[in-house]
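What follows is one structure encoded as structure tokens, with my remarks underneath.
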Amino acid sequence: MYTQAMDMPPPAGEALPKRHLSAVGSPDAAQLTALQAKFDAKIDADGRIEPQDWMPEAYRKTLVRQISQHAHSEIIGMQPEGNWISRAPSLKRKAILLAKVQDEAGHGLYLYSAGETLGTSREEMVQALHEGKAKYSSIFNYPTLTWADVGVIGWLVDGAAIMNQVPICRCSYGPYARAMIRVCKEESFHQRQGFESLMAMMKGTTAQREMVQDAVNRWWWPVLAMFGPPDANSPNSAQGMRWGIKRLSNDELRQRFVDATVPQAKVLGVTLPDPDLKWNDTRQAHDFGEIDWDEFWQVVGGNGPCNAERLATHKKAHAQGAWVREAAEAYAAKRAVDLKAA
Ligand code: FAQ
């Protein structure tokens, strides 16, 4: 990621390095047509677009939107589970949870780096989050009421995240695709630890089993909504798929997730809270009930149970970390002077 981050277009307003000029230095109409044709051919051939390549502005903008929102989700997503680090039931569970939450921070950082290769700084991305211009996943606006919620986040939320992210390993934009490969490996560990933690509780007391079932009841529907609106109401899908950013549609991923999760729920011994959930022999897939899309849009619009708290916590932590950023900048400036003098 670091080498990719160095190989990025300069910030807005700064001169382009020479190697970019032939590709993007005020091309005339004929040059633009040729650049577009080259880009389209690469997409059609399932090639990778790299930061130094010419790309249509709309492609760049879509990637910055999706990658920055993905990064914000990883960072804000640390909060619901982070809330339980000091209350984990054993040293072993605490160590696992600490490692998992730190992994999410790492994912956020890879993703901000991938976003920066498109010419938008991390500062700009964070500012857009704070101003409410950039979204983050709806799922992180729900509270973690009991220890079982931590296991359910691992099993279902990380499970859904993997289902969505594995196809992004083949995304047409190289830095995003490569970041996803490592992220998916780590998410896979997260999913397994969540399942294992729930399994331990299911083998415990009646009260523990009830706690797991209650958490599954509360998280199941918001997890299904995580995949985004139905394909018919997904304004970004068609173009995202044409560009090879999205490989599978929101509904296809949701269906795959339901089909993969039903047998896991059986092994665990929990009931998925959907009376309409049943195997459809004709479709060779599970039918399932209607998602509450009004609730989803309320949460996406900032009115979920924890939206205000999540954003306020992020803003506070960002302000408290200002001295670290200032110290890093001062050190970098000093090193630059030292290197010049050497
Ligand atoms: N929440 O036209 P589409 C994780 C928005 S990481 C909020 O279908 P698109 C790891 C969407 O942005 C979880 N907003 O959009 C972890 C768009 O609004 P915009 C995050 C949503 O981009 C685990 C509008 O609705 N993963 O969990 C949501 O083609 C445990 C219309 O939607 C990613 O970000 C939503 N759920 O498809 C961390 C994966 N869904 O931007 C900690 C990468 C849709 O036009 C603990 N992203 N919207 O204003 C994607 O795959 C896509 O961006 C989708 C949405 C599928 C999320």
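Residues are numbered in this note's numbering as their position in the sequence shown, beginning at 1, plus a constant of 491.
Glycine included, every Cβ here is placed at the ideal spot set by N, Cα and C.
Beta-carbon contacts of residue i that lie in its chain and below 7 angstroms, excluding the five residues immediately before and after
| i | result |
| --- | --- |
| K737 | S728, G731 |
| M497 | With a pLDDT of 41 at M497, under the threshold of 50, the modelled position of that residue is not reliable, and no figure is offered here. |
| P518 | L526 |
| M690 | L759 |
| A652 | E678 |
| R801 | I567, Q570, F631, N632 |
| C660 | A668, M671, I672, C675 |
| F787 | S629, A716 |
| T804 | Q570 |
For residue i, the three-state DSSP class (helix, strand or coil)
| i | result |
| --- | --- |
| Y822 | helix |
| K694 | coil |
| W770 | strand |
| D640 | helix |
| A514 | Unreliable placement is indicated for A514, whose pLDDT of 46 sits below 50; the coordinate value is still reported in the next sentence. Three-state result, A514: helix. |
| T625 | Sequence check: residue 625 is Ala here, not Thr. Coil. |
| D519 | coil |
| A776 | strand |
| Y664 | strand |
| I782 | coil |
| I653 | helix |
| T494 | Because T494 sits at a pLDDT of 41, beneath the cut-off of 50, its placement in the model cannot be relied upon, and the following sentence gives the value as read from the coordinates. In this structure, T494 counts as helix in the three-state DSSP scheme. |
| I558 | helix |
| I736 | coil |
| G504 | For G504, the pLDDT reaches just 47, beneath the cut-off of 50, and the residue's location in the model is therefore unreliable, leaving the point undetermined. |
Option nearest residue i by Cα separation, candidates the options
| i | options | result |
| --- | --- | --- |
| P658 | S679, A716, L739 | L739 |
| K806 | E622, C660, M546, E817 | E622 |
| S559 | Q522, N741, Q656, A619 | A619 |
| G780 | D767, K694, W788 | D767 |
| L636 | V828, C797, Q811 | C797 |
| G610 | E548, K825, Q704 | E548 |
| W770 | I782, D750, W788, E786 | D750 |
| C662 | Q557, M693, P754, L715 | Q557 |
| V753 | K533, G650, K552 | G650 |
Neighbourhood of residue i by C-beta, 6 angstroms cutoff - its chain only, sequence neighbours within 5 removed
| i | result |
| --- | --- |
| L830 | none |
| Y664 | I540, L554 |
| P764 | N708, W711 |
| F686 | W646 |
| A819 | none |
| P713 | I630, Y633 |
| G642 | G685, S688, L689 |
| H598 | E565, V674 |
| W784 | none |
Cβ separation of residue i and residue j, assumed to be a contact under 8 angstroms, to the nearest whole Å
| i | j | result |
| --- | --- | --- |
| M654 | L744 | 5 angstroms |
| L588 | W575 | 7 angstroms |
| M717 | S581 | About 29 angstroms separates the two Cβ atoms, so there is no contact after all. |
| H681 | D778 | 29 angstroms between Cβ atoms; not a contact. |
| A625 | H563 | 6 angstroms |
| Y601 | W734 | Not a contact, Cβ separation roughly 21 angstroms. |
| V617 | H809 | 7 angstroms |
Other residues of its chain near residue i: CB distance less than 8 angstroms, five sequence neighbours each side excluded
| i | result |
| --- | --- |
| V592 | M569, E572, G573, I576 |
| A596 | E565, I566, M569 |
| R747 | M654, L739 |
| A756 | V707, T762, L763 |
| K529 | W545 |
| I644 | P571, E572, T635, G685, W710 |
| S725 | G719, S740, N741 |
| V791 | K626, S629 |
| M702 | T637, W638, A639, M692 |
| R578 | W638 |
| Q656 | M671, V674, C675, E678 |
Residue i: CB within 7 angstroms of a non-hydrogen atom of the ligand NAD
| i | result |
| --- | --- |
| G793 | Of the ligands one can find in the structure shown, namely the ligand FAQ, none is the ligand NAD. |
CB contact check: residue i to chain C, cutoff 8 angstroms
| i | result |
| --- | --- |
| D829 | Although the question refers to chain C, the structure presented lacks it and comprises just one protein chain. |
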